[in-house]
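Residue numbers (numbering that gives the first Met the number 0): 0 to 325.
Virtual Cβ for every residue (Gly too), placed ideally from N, Cα, C.
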Amino acid sequence: MLLCPMLLPLARLWLASASMEPSASRDAEPALEASTSEPEAATLEVDTERSNDASQLQVHTDRVGAAAVQQGLELRVGDDWRRWKIEIRDGSTPEHVNVTLRDRAGHLHTRRLVLDGASTDERSRELAAALALLVEQLEQGTPEPEPLPRPPEPAPSPSSGFIGLGPRLAVGLRRSPAIDGGISVAGGAWLAKEHVQPIAELAWARSTRGALRLDGLRMGAGVLGGASGLGGRVWGGAGALMRVQHAKATAEGSARGWGTNPAIVGGLQYRGPLLVVGAWLGADLMLPPLLARGDGQALRWGIVRPMVTAHVGLRLPPRRTASPRR
0 MLLCPMLLPL ARLWLASASM EPSASRDAEP ALEASTSEPE AATLEVDTER SNDASQLQVH
60 TDRVGAAAVQ QGLELRVGDD WRRWKIEIRD GSTPEHVNVT LRDRAGHLHT RRLVLDGAST
120 DERSRELAAA LALLVEQLEQ GTPEPEPLPR PPEPAPSPSS GFIGLGPRLA VGLRRSPAID
180 GGISVAGGAW LAKEHVQPIA ELAWARSTRG ALRLDGLRMG AGVLGGASGL GGRVWGGAGA
240 LMRVQHAKAT AEGSARGWGT NPAIVGGLQY RGPLLVVGAW LGADLMLPPL LARGDGQALR
300 WGIVRPMVTA HVGLRLPPRR TASPRR
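Now the structure itself:
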């Protein structure tokens, strides 16, 4: 009987603890669910964001760090860079990288950038700055490139001319032709991109037969048309000269007279820096034909007399030759 009052408080304490256990377990169960679900949701959200960034910024080189480039882009342009798909690859040389930006419409913009940084972080910051500037320019619209300046037209080569001296020879077309030989002094210039050559000539000719002598002094001018070749060293053309002639026949006595002596010629010239060598081949025209008689001899310069003339002279002014490169 004495033990009952002493055990009664212990029984009450046991009953109280037993009644509290279910409620405690029910309260702890929701708390466990909350603690396990929250980290899973947070981890899933971070992985999705990294996956999206990786698809927008693709780095296929170990010279820069993707995370550092992305951080630099966000510091400079915020989220504007996400409107572009950026791909970075190694360039043709170690200091170059090739960058491709694709907008949402599918347009591609390719650039070749130089990275001078010594470390990966320096190159990453340098690349981020260049990409940010490029994104801003493309967002504002790429300006049309300025038209390239027209290359300067080559300066026309200065005109040059020549003066030369040489022998001449003409022959008649009859059975016993009167051959005349002499000297010709001629000068001219190459004009109109060397397609036109105005010329002037002073010539002397003589034919003899026995004691009979026929001399002619001719002077006049004309024009040849042609072109140069072989690097400008050779010039060829054809044209005509209009000349007047003073003729003198001498035997026991003498006779004088004036006439016209046109010529039709084709010319070929070699033009060196200093020396000019040329030849004319054509026909002298005697208007009117000349006939000289004396001492039982006769000399006739007919209307058409085939002729050839050679000239050796100087180029004016002399051309400078290019010195050989060392």
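- Of the residues assessed, G105 falls on the exposed side of the cut-off, its CB having fewer than 16 other CB atoms within 10 angstroms.
- In this structure, I263 is the residue among I263, G181 and W234 with its C-alpha nearest to the C-alpha of L280.
- For the pair R81 and P151, the Cα-to-Cα distance works out to about 46 Å.
- G236 is positioned such that its CB atom lies closer than 8 Å to that of L223.
- As summarised for the region 256-311, the continuous beta strand (DSSP E) elements at least 3 residues long and confined to that stretch are 262-270, 274-284, 289-293 and 296-300, given in chain order.
- Separation of the CB atoms of V276 and V307 is rounded to 14 Å, and the pair is thereby denied contact status at 8 Å.
- Contact between the region 95-111 and the region 166-175 is not established, with fewer than three Cβ pairs separated by less than 8 Å.
- Following the DSSP letters along the chain, one finds A204 in no alpha helix (DSSP H) but inside the beta strand (DSSP E) bounded by residues V195 to R208.
- Going by C-alpha positions, L216 is about 21 Å away from G209.
- Remark: C-beta atoms of L112 and V96 approach each other more closely than 8 Å.
- A check of alpha carbon separations from S158 across V134, Q196 and D179 identifies Q196 as the nearest.
- With contacts defined as CB atoms closer than 8 Å, I182 and L211 fail to qualify as a contacting pair.
- Excluding residues up to 5 positions away in sequence, R124 and A127 lie with their Cβ nearer than 6 Å to the Cβ of G71 in the same chain.
- In the structure shown, D214 adopts extended strand secondary structure according to DSSP, grouped into three states.
- Here DSSP, grouped into helix, strand and coil, assigns E73 to helix.
- Rounded to the nearest whole angstrom, the C-alpha separation of I87 and L229 is 54 Å.
- Counting along the chain, A127 sits inside the alpha helix (DSSP H) bounded by residues T119 to Q139.
- Burial check for E200: the Cβ neighbour count within 10 Å reaches 16 or more, so the residue is buried.
- Shown here, D89 sits in a strand according to DSSP, grouped into three states.
- Residue burial annotation: R174 is exposed, with fewer than 16 other C-beta atoms found within 10 angstroms of its C-beta.
- Under a 10 Å Cβ-count criterion, R292 is classified as exposed, with fewer than 16 other Cβ atoms of the shown protein chains found around its own Cβ.
- Between D294 and the set P261, A250, Q268 and G266, the nearest pair of CA atoms involves A250.
- With fewer than 16 other Cβ atoms from the protein chains shown falling within 10 Å of its own Cβ, R255 counts as exposed.
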